[in-house]
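Residue numbers (the UniProt record's numbering): 1 to 171.
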Amino acid sequence: MTGANQTCIFCQILHDPSSTTRLLHTDEKVVAFQDIKPAARRHYLVIPKEHIPTVRDLQRRDEDYSLAVSHMLSVGQELLQKDAPQTIHRFGFHQPPFNSVDHLHLHCFALPFMPRYTNILHILLSHALKLQKYDFLFLSHIVIKTDGKSSSTCLWDLSVVLLKHINFWRR
Numbered sequence: 001m002t003g004a005n006q007t008c009i010f011c012q013i014l015h016d017p018s019s020t021t022r023l024l025h026t027d028e029k030v031v032a033f034q035d036i037k038p039a040a041r042r043h044y045l046v047i048p049k050e051h052i053p054t055v056r057d058l059q060r061r062d063e064d065y066s067l068a069v070s071h072m073l074s075v076g077q078e079l080l081q082k083d084a085p086q087t088i089h090r091f092g093f094h095q096p097p098f099n100s101v102d103h104l105h106l107h108c109f110a111l112p113f114m115p116r117y118t119n120i121l122h123i124l125l126s127h128a129l130k131l132q133k134y135d136f137l138f139l140s141h142i143v144i145k146t147d148g149k150s151s152s153t154c155l156w157d158l159s160v161v162l163l164k165h166i167n168f169w170r171r
């Protein structure tokens, strides 16, 4: 497992030939597979082959990191468009400390969300704050803002957005 973290479950999926995880997409930069605990009708993860622990570890190198994030997004969009073309799609990254796996992964959702207690809170919060213009609505996560069809990517810290809305509601 050269270039991988031996304790990382996603690195094991990438580099262990005995892994039973079915890969939905693979190329030179990323792989995609179904989330083991789906939170929506379709719930895929797109992960880089390089072990990058979290969004906080993204760094500018020869290739701008936004290109890698844009590639992850385009792979997720392509998968969901193929598997669930008539549904609303949502995309996003967890921001620490809310990530369960320390390997950067893009969540790709085809709505509706599947009812689970943790999802209900996030959905209610997103509707209460009218954050539908964002593609990922979960509290304290990184969001990807798109114009609906374009894959241009901007990273936003949702906690800042939420603070603005919370201050608005306190007036």
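In this text, a Cβ means the ideal position worked out from N, Cα and C, and glycines have one as well.
Query raised in the report: Can you find at least 3 beta carbon pairs, one from the region 23 to 33 and one from the region 88 to 101, that sit closer than 8 Å?
Result: no
Query raised in the report: Between which two residues does the beta strand (DSSP E) containing residue 86 stretch?
Result: No beta strand (DSSP E) contains residue 86, which DSSP labels as neither H nor E.
Report task. Less than 8 Å between the CB atoms is what I'm expecting for residue 71 and residue 4, so what's the real figure, rounded? Result -> Contact doesn't hold; Cβ gap of about 19 Å is too wide.
Query raised in the report: Among 6, 39 and 106, which residue has its Cα nearest to the Cα of residue 32?
Result: 106
Query raised in the report: Candidates 19, 76, 36 and 17: which alpha carbon is nearest residue 48's?
Result: 76
Query - C-alpha distance - residue 94 paired with residue 111, whole-angstrom precision - result: 18 Å
Report task. Starting from residue 43, follow its DSSP beta bridges and name the residues at the other end. Result -> 109
Query raised in the report: Count the other CB atoms within 10 Å of the CB of residue 98; is the residue buried (16 or more) or exposed (fewer)?
Result: exposed
**Report entry** Residues that DSSP places opposite residue 26 in a beta bridge
**Finding:** 31
Query raised in the report: If you run the structure through DSSP and keep just helix, strand and coil, what is residue 195?
Result: Look at the range of the chain in this structure, 1 to 171, and you will see that residue 195 is not part of it.
**Report entry** Check whether residue 108 and residue 69 have beta carbons under 8 Å apart
**Finding:** no
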